[in-house]
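Trainee: Before anything else, here's the structure in question.
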Amino acid sequence: MEFEMYKEKSSIIKVIGVGGGGGNAVNHMYRQGIKGVDFIICNTDAQALELSPIPNKVQLGASLTEGRGAGSIPEVGRNSAIENVEQLREMLGSNTKMVFITAGMGGGTGTGASPIIAKAAKDMGILTVGIVTTPFKFEGPRRKVQADQGLEELKKNVDTLLVISNEKVRQMCGNLELKNAFAQADNVLTTASKGIAEIITVAGYINVDFEDVKTVMKDSGVAIMGSCAAEGENRARKAVEGAMASPLLNDNEIEGARYILLNITSGVKEVLMDEVSEITDYIQSKAGATADIIWGNCNDESLGEAISVTLIATGFNTRSQRDETSAEKVIVEQPVVPQEPERIVINLNDDPVREAESFVNTLKNKSLEPSIKVSDPEPQTPKINVQTQPAPSLRQVSMFDLFGVESNDTQASNHTFEFTVSNKIKEEPKVEVIEQPEPEVIEPINFNEDLSEEELMKKSLQQSRDRIMKLKNFSIKLNSNNGLNELENVPAYVRKNMKLKETPHSSEQHISRFTLSNDNDGTEIRPNNSFLHDNVD
């Protein structure tokens with residue numbers, strides 16, 4: 001007696017394209033073919049739905065937009081998805097275990113509707129993976145701002161998020177035609193979706209099933225994926241290095257990852273044990289000893305003698321998040337700095353020298369009058385000569401107190417000298433007063449009084465990010481053929497859009513042949529310049 005298990009017609013894996021960019025990507029995946037998945041396309045634009053070859057279609061916000069699109073307004077896309085969210089739940093059904101949501105961030109439908117669809121899928125207990133693109137730089141700052149806001153909303157409603165930068169696609173592929181540039185972005189989305197889905201759907205000797213993928217991707221946040229195929233000598237090392245250096249994803253560092261899902265696919269020439277060991281050891285060294293690697297192996301005859309490595313790293317902070325964390329630590333430590341001088345202050349109230357300092361301070365606040373009369377009833381103290389001292393009386397008193405030999409002299413001087421202020425300017429034949437400006441108290445200069453500490457740290461962090469991106473883009477350009485050709489064939493001043501001024505020809509002279517001489521006969525203009533020669537030796 002034989003038993004056959006009932007097989008559902010619907011696949012456990014669904015790929016949903018949202019909006020114009022997501023719909024184009026899913027159309028491309030549908031034509032390329034991904035084994036064991038079902039495709040669904042959602043859009044507010046009825047015309048785009050009619051042109052799609054995918055049979056499963058959902059028009060979002062038919063009563064709200066009347067099939068004319070969201071007008072690049074994310075709020076319209078959000079409300080349109082809310083209008084049809086129940087229809088989407090019915091299409092997902094009870095058999096769906098995993099859903100991919102692909103969208104282009106920055107527009108109206110993809111940016112606004114994808115978080116709503118993702119939330120509906122996740123609430124149903126479906127493993128939800130977002131694979132989205134960020135806009136090209138030439139699409140404008142408004143789309144960039146909307147894309148960032150959409151990414152933040154999507155992160156809250158997916159288990160795993162893969163972000164693909166269209167600008168990096170442009171840097172890698174060079175100056176392509178507009179249609180080909182977006183087609184390259186669709187290829188990257190297809191590679192990411194196919195790489196994850198076929199890990200589950202394609203059977204192998206060491207199989208990676210859905211539960212393994214769920215362990216790696218459930219509530220993991222931002223993920224990093226890389227895939228590469230290589231053949232010939234050292235094919236394993238070339239494939240794993242290519243997968244690790246995937247430049248088209250938003251971040252390609254796997255250091256600190258908690259889980260790594262690894263799939264090794266071979267063709268006619270099966271993978272060797274040493275090659276498997278080389279691949280896993282290389283990934284472990286880059287990710288760290290704490291990373292848990294779940295790997296599997298399958299066979300694809302279309303690869304021929306090549307070997308393909310696909311890895312997904314999850315459970316860690318991206319580079320930008322690590323930079324923000326380190327910046328926050330600096331901000332916490334910063335307020336401690338102004339408190340350090342207070343610990344150094346020493347109270348010298350019991351010091352006898354303090355009395356002289358307070359006396360000087362009282363005179364410092366009192367303005368100096370132009371006339372000072374010194375009374376000297378006792379001629380027995382010739383130590384101070386007011387006429388010969390150029391310094392003000394403040395220093396005379398302090399010097400007398402410091403260098404007095406006997407205490408009796410000090411007491412005598414304190415009882416003898418009296419300073420009186422006179423309003424008569426003519427009664428000062430013996431005293432020469434040198435007026436000096438009052439000592440100014442220099443306040444500490446705050447060079448950044450207009451900027452708060454948080455703004456300064458953000459500015460410093462942004463500068464470091466720009467420097468890192470500039471160096472990274474330069475290394476990417478060096479690793480690509482188009483980038484090397486541009487560096488070799490295009491002059492530097494052309495690449496930097498610098499305009500050079502034409503050098504004047506040597507025949508153009510700006511020196512006059514006339515000279516102006518001044519002698520006994522008077523001023524004369526002469527036509528012969530002795531410094532210029534008609535016949536050059």
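Numbering follows the UniProt record's numbering, in which position 197 of the sequence shown is assigned residue number 197; successive positions increment by one, without gaps. Yeah, the Cβ is synthetic: ideal placement off N, Cα and C, and Gly gets one too.
Taking the straight line between their C-alpha atoms, what separation do you get for Ala327 and Met457?
Mentor: Note that Ala327 scores 47 on pLDDT, short of 50, meaning its location in the model is unreliable; the coordinates nonetheless yield the value given after this. Each residue's Cα considered, the two are about 7 angstroms apart.
Trainee: Do Ile13 and Val37 have their beta-carbon atoms positioned less than 8 angstroms apart in this structure?
Mentor: Taking 8 angstroms as the Cβ cut-off, Val37 and Ile13 qualify as a contacting pair.
Trainee: Residue range of the beta strand (DSSP E) that Gly296 falls in?
Mentor: Gly296 -> beta strand (DSSP E) spans Asp292 to Asn299.
Trainee: Use the C-beta contact count for Met273: other C-beta atoms within 10 angstroms, 16 or more gives buried, fewer gives exposed.
Mentor: Per the 10 Å Cβ criterion, exposed.
Trainee: Drop a sphere of 10 angstroms on the beta-carbon of residue 540, count the other beta-carbons inside from all chains shown, and report buried for 16 or more, exposed for fewer.
Mentor: The displayed coordinates of the chain run from 1 to 537. Any statement about residue 540 would go beyond what the structure contains.
Trainee: Apply the 10 Å Cβ neighbour rule to Ile525 and answer buried if 16 or more other Cβ atoms are within range, or exposed otherwise.
Mentor: Ile525 is exposed by the Cβ-count criterion.
Trainee: At a threshold of 7 angstroms, does Leu262 count as lining the ligand FMN (C-beta to nearest heavy atom)?
Mentor: No copy of the ligand FMN appears in this structure; indeed no ligand is present at all.
Trainee: So what's Asn485 in DSSP terms, helix, strand or just coil?
Mentor: In this structure, Asn485 counts as helix in the three-state DSSP scheme.
Trainee: Taking 6 angstroms as the limit between beta carbons, can you name the residues of its chain near Asp212, skipping five residues before and five after?
Mentor: Excluding sequence neighbours, Asp212 sits near Ile294.
Trainee: Is Asp521 helix, strand or coil when you go by DSSP?
Mentor: Asp521 falls in the coil class under three-state DSSP.
Trainee: Does DSSP classify Met172 as helix, strand or coil?
Mentor: Met172 falls in the helix class under three-state DSSP.
Trainee: Output the boundary residues of the alpha helix (DSSP H) element that contains Asp38.
Mentor: Note, Asp38: premise wrong, no alpha helix (DSSP H); beta strand (DSSP E) at Asp38 to Asn43.
Trainee: Based on the DSSP secondary-structure assignment, which residues constitute the bridge partners of Arg142?
Mentor: Per DSSP, none; premise fails for Arg142.
Trainee: I need the DSSP call for Met498, collapsed to helix, strand or coil.
Mentor: Three-state DSSP puts Met498 in coil, outside helix and strand.
Trainee: Out of curiosity, what's the CA-to-CA distance linking Gln184 and Thr503?
Mentor: The straight-line gap from Cα to Cα measures roughly 44 angstroms.
Trainee: Identify, in the order they occur along the chain, each residue of the same chain with its Cβ nearer than 6 angstroms to the Cβ of Val129, setting aside the five sequence neighbours on each side.
Mentor: Closer than 6 angstroms at Cβ, skipping near neighbours: Phe100 and Thr160.
Trainee: Would you list the one or two residues that DSSP bridges to Asn263?
Mentor: Bridge partners of Asn263: Gly296 and Thr310.
Trainee: Using three-state DSSP, classify Val158 as helix, strand or coil.
Mentor: Here Val158 sits in coil by DSSP.
Trainee: In this structure, how does DSSP classify His415 when only helix, strand and coil are distinguished?
Mentor: The pLDDT assigned to His415 is 49, lower than 50, so where the model puts this residue is not dependable; a value taken from the coordinates is nonetheless given after this. Of the three classes helix, strand and coil, the one that applies to His415 here is helix, per DSSP.
Trainee: Three or more C-beta pairs under 8 angstroms: does that hold for the stretch 26–33 against the stretch 112–129?
Mentor: Short answer: they don't touch.
Trainee: If you compare alpha carbons, which of Glu278, Ala197 and Gln463 is closest to Asn234?
Mentor: For Asn234, the nearest C-alpha among the options comes from Glu278.
Trainee: Return no unless some Cβ of chain B is closer than 8 angstroms to the Cβ of Val208.
Mentor: Among the chains of the structure shown, chain B does not appear; only one protein chain is present.
Trainee: State the DSSP-derived secondary structure class of Ala46, mapped to helix, strand or coil.
Mentor: Of the three classes helix, strand and coil, the one that applies to Ala46 here is helix, per DSSP.
Trainee: Answer with buried or exposed for Tyr259, where buried requires no fewer than 16 other C-beta atoms within 10 angstroms of its C-beta.
Mentor: Flag for Tyr259 reads buried.
Trainee: Residues in its own chain within less than 6 angstroms of Lys477 by CB, not counting five upstream and five downstream?
Mentor: Same-chain partners within the cutoff: Gly483.
Trainee: Which residues in the same chain have their Cβ closer than 6 angstroms to the Cβ of Ile54, if we skip the five residues on either side of it in sequence?
Mentor: Once the five neighbours on either side are set aside, the close Cβ partners of Ile54 are Tyr30, Phe39 and Ile41.
Trainee: What does a CB cutoff of less than 6 angstroms around Ser393 pick up in its chain, not counting 5 residues either side in sequence?
Mentor: Low confidence applies to Ser393: its pLDDT is 45, below 50, so where it sits in the model is not reliable, and the reading given next is rough at best. Correct list: empty, nothing qualifies.
Trainee: If you run the structure through DSSP and keep just helix, strand and coil, what is Met98?
Mentor: Of the three classes helix, strand and coil, the one that applies to Met98 here is strand, per DSSP.
Trainee: In chain order, what residues of the same chain lie with their CB nearer than 6 angstroms to the CB of Pro352, ignoring the 5 residues before and after it?
Mentor: In this prediction, Pro352 scores a pLDDT of 49, lower than 50, which makes its location untrustworthy; the coordinate-derived value is nonetheless stated afterwards. Same-chain partners within the cutoff: there are none.
Trainee: What distance in whole Å lies between the Cβ atoms of Ile283 and Leu262, which are believed to be in contact at a cut-off of 8 angstroms?
Mentor: Correct: roughly 7 angstroms between the Cβ atoms.
Trainee: If you count every other CB in all the chains shown that lies within 10 Å of the CB of Leu51, and 16 or more means buried, which is it?
Mentor: Leu51 is exposed by the Cβ-count criterion.
Trainee: Taking DSSP's pairing of strands, which residues face Thr133 in a bridge?
Mentor: Beta-bridge pairing links Thr133 to Gly104 and Ile164.
Trainee: Is DSSP giving Lys14 helix, strand or coil here?
Mentor: The answer is strand: DSSP assigns Lys14 an E or B state.
Trainee: Which same chain residues, not among the five before or five after Gln87, have their C-beta less than 7 angstroms away from its C-beta?
Mentor: Only Val58 meet the Cβ criterion.
Trainee: For Asp186 and Ala289, which I take to be in contact (beta-carbon distance under 8 angstroms), what is that distance rounded to the nearest angstrom?
Mentor: Contact doesn't hold; Cβ gap of about 38 angstroms is too wide.
Trainee: Assign Ser480 to one of three DSSP states: helix, strand, or coil.
Mentor: Residue state, collapsed to three classes: coil.
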